[in-house]
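Anchor point for the sequence shown: position 80 equals 512 in this note's numbering, and the numbering is continuous, going up by one each time.
Virtual Cβ for every residue (Gly too), placed ideally from N, Cα, C.
Here the structure is a predicted model, which means the values were calculated and not measured.
Worksheet: the structure to be examined is printed underneath.
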Amino acid sequence: MAVVLYWRSTPSSSVALSHTSGLSHNQSFVPRPESTSSVPWPNSTFMIRASSSGGLLTLDSGKVVLARPGGREGSIHWKCTERRGWLHFQNPVSGCYLGHNIHGDIVCSATHHMEWEKFSVRLRPEGGYYLMITHWDRLWKIGFKEEKLAKIAEGEDGGFVKNGEKDGEVVIWEFVKV
């Protein structure tokens, strides 16, 4: 079984080692395609994009949906802030924060960031991020439940997580800084 290692572009000022240096006979380097994703960081504004479809996290008529890129409906920008180590995403048009309701559906209705508006992001080795929200003392990933964006318990104990944009699947996100 061959092992493939990925890396980002190396600055020209870096020192390159021999291509076999430190590798076993079944490993090779393959350039990884560059992503337009940024690291989610406080005091920055982002478009939050589903990596598989390119759909944008959008506040449209009071509902949080995935909208087609280039669509003219809704608000697609999210200002990232930090409080007590937690990330919060505020829609600059409504002034409200991304969070969840009592049913676990993703909403944008709170005018202050409280317990249900706390987020964390986790970088995946394959690229993209899991967007995670608090559920009591746990973090649940954002995905789809009953055709709505919602917090998903799948994989919270290190088990299998099915990625995608169908019911019960967890979305892989990219953050595009604006």
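Buried versus exposed, by CB contacts within 10 Å (16 or more), residue i
i, result
"Pro501", "exposed"
"Ile538", "buried"
"Pro472", "buried"
"Val423", "Past the edges of the chain, shown from 433 to 610, lies residue 423, and the structure says nothing about it."
"Thr543", "exposed"
Whether residue i touches residue j by CB criterion (8 Å)
i, j, result
"Trp572", "Lys583", "yes"
"Phe478", "Val610", "yes"
"Tyr529", "His545", "yes"
"Ser470", "Gly560", "no"
"Asn523", "Ser541", "no"
8 Å contact criterion, which residue i and residue j should meet: CB distance rounded
i, j, result
"Tyr562", "Arg556", "7 Å"
"Val608", "Thr468", "6 Å"
Own chain partners of residue i with C-beta closer than 8 Å, once the 5 adjacent residues on each side are dropped
i, result
"Val602", "Tyr562, Lys573, Ile574, Gly575, Ile584, Glu586, Gly587, Val593, Lys594, Asn595 and Gly596"
"Gly487", "Arg481, Leu498, Ala499, Arg500, Pro501 and Glu597"
Proximal residues to residue i (C-beta, below 7 Å), its chain only, five neighbours per side dropped
i, result
"Glu547", "Thr566"
"His532", "Ile538, Val539, Trp548, Ile565 and Lys583"
6 Å CB neighbourhood of residue i in its chain, flanking five on each side removed
i, result
"Glu505", "Asp492"
"Leu581", "Val496 and Ile538"
"Pro474", "Cys512, Thr513 and Glu514"
"Asp599", "Phe576"
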